[in-house]
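> Numbering (the numbering used here), first residue to last: 33 to 242.
Quick one: structure below, then a few questions.
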C-alpha cells in the first residue's frame, strides 16, 4: 500500500462513440469505474476522482473534484488532480482501463527516475493516462492550459491539440518505459474501450476468462 502517492481517477470523456457513459457500464456485478476504483484502492491509501459530473459518481464514495479549466480535455483533469492532491507523487489513471493490473501500476510507481512523469509505451503509443505525475508538473500544466484558454486566434481543433497531455510530457520530460519488454506485459493492459464491440470484448475477457 502506497501512503505517499495519491491515486487519481479521471472520468471526463464524452463516450460519444460508445453512445453512453462507458465508465458506468456493467462488467459483471460492478461498473467499469468500480473495477478501476477497487484496483486503485488496493494500492493507494488515498484515491480521488476528477469529474465534472459528480452526481453520477456519488455511489463511489470518493472525494471528487471538478476541472479548474472546464472542458479542456484530459490535461485539465490531470491539472485538477495535481492541484487537489496532497502528495508530491500521484498515479493518474483513466476510468476506462479495467484490465490494468496492480503489477503494472506498481512497476511504474516504483521506477527510480528524476523525471517528473513516468509512463509506458505500448501498442505503438505513449500511454499518457496511466502513470506517475509529480506535483512539480502543475505549473507547466497551468501554463499550457492558460495559453490555450486565452488564445482567441486559434481554432478549437488547434486548442485541443495544444492542450493534449503529450504537450505536458514534452515540456516537463518523462521516463517512457517500454512496457512490451516487461516479462509480465500482456496486450490487454492498456485496452481502451471506445466502441460497443470493445466493451463486449472486455466483458468476455473479464467475466469468462478470469
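Think of the CB as a built atom: it goes at the ideal place given N, C-alpha and C, for glycine as much as any other residue.
This structure is a prediction, so every number in the text was calculated from the model and none was measured.
Can you look up residue 199 in the DSSP assignment and give me helix, strand or coil?
The answer is helix: DSSP assigns residue 199 an H, G or I state.
> Between which two residues does the beta strand (DSSP E) harbouring residue 81 extend?
That run of the beta strand (DSSP E) goes 76 to 82.
> In chain order, what residues of the same chain have a beta carbon less than 8 Å from the beta carbon of residue 94, not counting five sequence neighbours either side?
Excluding residues within five positions, the ones whose Cβ falls inside 8 Å are 41, 69, 79, 80 and 81.
> Between which two residues does the alpha helix (DSSP H) harbouring residue 159 extend?
Here residue 159 belongs to no alpha helix (DSSP H); instead the beta strand (DSSP E) covers 157 to 166.
> Roughly how many whole angstroms lie between the Cα atoms of residue 160 and residue 53?
Distance between the alpha carbons of residue 160 and residue 53 is about 21 Å.
> What does DSSP give as the partner residues of residue 124 in its beta bridges?
40 and 163.
> CB residue 211 to CB residue 152, shorter than 8 Å?
It is a contact, given that the beta carbons lie within the stated cut-off.
> Hey, is the stretch 113 to 133 in contact with the stretch 216 to 226, meaning 3+ C-beta pairs nearer than 8 Å?
Yes: the two stretches touch, three or more of their Cβ pairs being nearer than 8 Å.
> Excluding the 5 residues flanking residue 141 on each side, which residues of the same chain have their C-beta closer than 7 Å to its C-beta?
So the list reads 34, 37, 123 and 164, once near-sequence residues are dropped.
> Would you kindly check if the distance between the Cβ of residue 117 and the Cβ of residue 22 is under 8 Å?
Absent from the structure is residue 22, since the part of the chain shown begins at 33 and ends at 242.
> Alpha carbon to alpha carbon, how far is residue 110 from residue 59? Give it in angstroms, no decimals.
Near 26 Å, if we compare the C-alpha coordinates of residue 110 and residue 59.
> Whole angstroms are fine: how far does the CA of residue 237 sit from the CA of residue 227?
If you take the alpha carbons of residue 227 and residue 237, they lie about 16 Å apart.
> Can you grab the Cα-Cα spacing for the pair residue 176 / residue 133, in whole Å?
Using only the alpha carbons, I get a separation of about 31 Å.
> Which residues does DSSP list as the beta-bridge partners of residue 34?
76.
> What is the DSSP secondary structure of residue 176, reduced to helix, strand or coil?
In the structure shown, residue 176 sits in a helix (DSSP, three-state: H, G or I).
> Who are the near neighbours of residue 154 in its chain, counting only those whose CB is closer than 6 Å to its CB and skipping five residues on each side?
Hits under 6 Å: 211, 212 and 222.
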